[in-house]
Each structure stands twice: as C-alpha cells, then as structure tokens.
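The structure appears below as structure tokens.
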Amino acid sequence: MNTADWSEPQVGDELPAFTAPAISRAALALYAGASGDHNPMHIDSDFARAAGQDDVFAHGMLGMAYLAQLLTRWAPQAALRSCRARFVSITRLGDCLRCEATVSQLFEQDGERRVRLQLRAVNQHGETRLQGEAVVALAAPD
C-alpha cells in the first residue's frame, strides 16, 4: 500500500512503518524554534533535573509530528481528515520512535470513502510512547 486507494486496504493491514531519527538535543532545539514551544523541560537540562527528570525529553507534539509524517508518506496531507494521539510515556533523548499504523475500519462519510487507522509510536525497546487514531479519505477506485 503506497497510496491511499480504496481497492487495497483491508482491516488489519499495516502501513509501511516509519522510524524517526534518534531524539537529540539538536532536534529538540530545532523543534522548539519551529513550534515556538520553548518549555525549558525540553531544552534546559538543569531545569529538567531540578524538576525531577533525568534530563530533557522530547516535546509530545514532536512525536505527534512523526506519526503525521507516517500518514503523509502514505496519503497526501489533503486527504487527512483527523489525527489525534495521547502521550503514553515520555520520549527521552536517544529514543528512536518507530511509527506504525493499522487499518481498523473502512467506511463512507460525507460522500467520501475513508479508512480509520490505529496509530502507535514505540521506542527502540518496543515501549509505547504515543498511541492514537487517524482518518484518511481514500482515492476513488479507477
């Protein structure tokens, strides 16, 4: 499944996984600048340690962005109808998030054929960091 095509996906199918680069201090600084989220828990080690953390950790929305990247590798951004996630656990420096999506439902709504996907991001140890759900509009069959 390389494109969102109604004739292909079936419940239980998995999209090709996407593995993001390891979380680094540079990535956190770049994300803080791009997002405007300069919370010191994500960029200031002394602040994070004073708050009881081992070190800085990734912005939750950075993990969400990686899940969205998984989706847009499969379907055009304009086909995304919804995407939500909850943050299960902290994503730490050095974690490599593997983003996965499984087809859970095929349905029609507002004149479109759509697919519901269950999303998950796990670190290199298989520990879930984010989980969620997305809905993507599928291209009409040829």
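If you want the working numbering, it's the position in the sequence shown, counting the first as 1, plus 1461. All C-beta atoms in this analysis are idealised placements derived from N, C-alpha and C, irrespective of residue type, glycine included.
Name the two residues that bound the continuous beta strand (DSSP E) containing residue i.
i: residue 1593; result: 1589-1598
i: residue 1562; result: 1559-1570
Measure the alpha-carbon distance for residue i versus residue j and round it to whole angstroms.
i: residue 1516; j: residue 1477; result: 32 angstroms
i: residue 1584; j: residue 1601; result: 35 angstroms
i: residue 1588; j: residue 1555; result: 14 angstroms
i: residue 1462; j: residue 1490; result: Low per-residue confidence applies at residue 1462: pLDDT is 49, beneath 50, and the placement is therefore not dependable, though the value from the model is reported in the following sentence. Going by the C-alpha atoms only, they are around 34 angstroms apart.
Less than 7 angstroms separating the beta-carbons of residue i and residue j?
i: residue 1519; j: residue 1484; result: yes
i: residue 1549; j: residue 1592; result: yes
i: residue 1590; j: residue 1497; result: no
i: residue 1531; j: residue 1560; result: yes
i: residue 1573; j: residue 1598; result: yes
According to the neighbour-count rule (16 or more other Cβ atoms, all chains shown, within 10 Å of its Cβ), is residue i buried or exposed?
i: residue 1540; result: buried
i: residue 1581; result: buried
i: residue 1510; result: exposed
i: residue 1481; result: buried
i: residue 1562; result: buried
Complete beta strand (DSSP E) runs within the stretch 1498-1556 (minimum length 3 residues, chain order): If you keep only unbroken beta strand (DSSP E) runs of at least 3 residues inside the stretch 1498-1556, you get 1541-1548.
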